[in-house]
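Count the sequence shown with numbering that gives the first Met the number 0 and you get residues 0 to 197, in order. Built from N, CA and C at the ideal position, the CB exists for glycine as well.
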Amino acid sequence: MAIQNLFYTGPQYYMAHQVRSGAIDADLLKPLDFHFHMLARSTGEMLFRIIVIALPGILAGYFLFDLQLPATLQTGCLFVIALLLGYLVNFHLEFLLGSIGLVTLEIQSIDWAFHATARFFSGQFVPLWLFPGVLGVLADILPFRSMFSTPLSIYTGVLSGNTITEAIAFQLLWLVILLIVSRWLWGSVQARIVSQGG
Numbered sequence: 000m001a002i003q004n005l006f007y008t009g010p011q012y013y014m015a016h017q018v019r020s021g022a023i024d025a026d027l028l029k030p031l032d033f034h035f036h037m038l039a040r041s042t043g044e045m046l047f048r049i050i051v052i053a054l055p056g057i058l059a060g061y062f063l064f065d066l067q068l069p070a071t072l073q074t075g076c077l078f079v080i081a082l083l084l085g086y087l088v089n090f091h092l093e094f095l096l097g098s099i100g101l102v103t104l105e106i107q108s109i110d111w112a113f114h115a116t117a118r119f120f121s122g123q124f125v126p127l128w129l130f131p132g133v134l135g136v137l138a139d140i141l142p143f144r145s146m147f148s149t150p151l152s153i154y155t156g157v158l159s160g161n162t163i164t165e166a167i168a169f170q171l172l173w174l175v176i177l178l179i180v181s182r183w184l185w186g187s188v189q190a191r192i193v194s195q196g197g
């Protein structure tokens, strides 16, 4: 639950609101890259959630419910790296969703379907190693496992040694792919922006 609060910072909602209100032109006129602007906004919200929501919950779990820390300092560091990469993968997925929203102007239904899919295939509710057949194959190749399954598997010791390296390499691969697609899609849709307000 703590990790969930870090990930879903919702740049797509901001982007859709700015288009509907007509305020997106002010964002585009700012002397900074819009993609970086959205990443900075989302990261600021994520850091706020760490302090206000996640940290108190982790402390309560540690002192009241015997929450176990990672077995070693190295495992803890790898967990943080995997968590950061998972956050960046999730941000770019949501940025892609927001870019689509600049064309459709309404993303609530698309967003609901996206988050339902992401939660199912990320291992947030059910460990991915329990998925049978085709579901297991899809869970292995889709980027969603980077968000929950990989960090939590490192934290709990399910992954170790070379399997951690492979899992982090998988996260990096998807991050690069999503970064390239995000930059391309944003470049394609920004010329088609139609503001409803303003």
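Roughly how many angstroms separate the alpha carbons of residue i and residue j, rounded to a whole number?
| i | j | result |
| --- | --- | --- |
| Ile179 | Gln189 | 16 Å |
| Arg40 | Leu137 | 31 Å |
| Gly197 | Asn4 | Since pLDDT at Gly197 reaches only 47, below the 50 mark, its modelled position is unreliable, and the value read off the structure follows with that caveat. Approximately 33 Å, taken between the alpha carbons. |
| Leu72 | Gln170 | 21 Å |
| Lys29 | Leu92 | 24 Å |
| Leu129 | Gln123 | 13 Å |
| Ser152 | Trp185 | 33 Å |
| Glu105 | Ala15 | 7 Å |
| Arg19 | Met37 | 17 Å |
| Leu134 | Asn161 | 24 Å |
| Leu63 | Ser98 | 43 Å |
| Arg118 | Thr42 | 20 Å |
| Ile176 | Phe35 | 17 Å |
| Ala70 | Ser108 | 41 Å |
| Trp173 | Phe147 | 14 Å |
So is residue i buried or exposed if we call it buried at 16+ other beta carbons inside 10 Å?
| i | result |
| --- | --- |
| Asp32 | exposed |
| Thr116 | exposed |
| Asp110 | buried |
| Ser103 | Note that residue 103 is Thr in the sequence shown, not Ser. With fewer than 16 Cβ atoms within 10 Å of its Cβ, Thr103 is classed as exposed. |
| Ile50 | exposed |
| Trp183 | exposed |
Tell me which residue opens and which closes the alpha helix (DSSP H) that residue i is part of.
| i | result |
| --- | --- |
| Met14 | Pro10 to Ser20 |
| Tyr61 | Leu54 to Leu63 |
| Thr155 | Ser148 to Thr155 |
| Gln107 | Gln107 to Phe120 |
| Ser41 | Phe33 to Arg48 |
| Ser145 | Taken as a continuous stretch (DSSP letters only), Ser145 belongs to no alpha helix (DSSP H), as it is neither H nor E. |
| Val102 | Leu72 to Thr103 |
| Gly160 | No alpha helix (DSSP H) contains Gly160, which DSSP labels as neither H nor E. |
Is it the case that the Cβ atoms of residue i and residue j are separated by a distance below 8 Å?
| i | j | result |
| --- | --- | --- |
| Pro126 | Gly85 | no |
| Gly60 | Leu66 | yes |
| Gln17 | Leu96 | no |
| Ser181 | Phe94 | yes |
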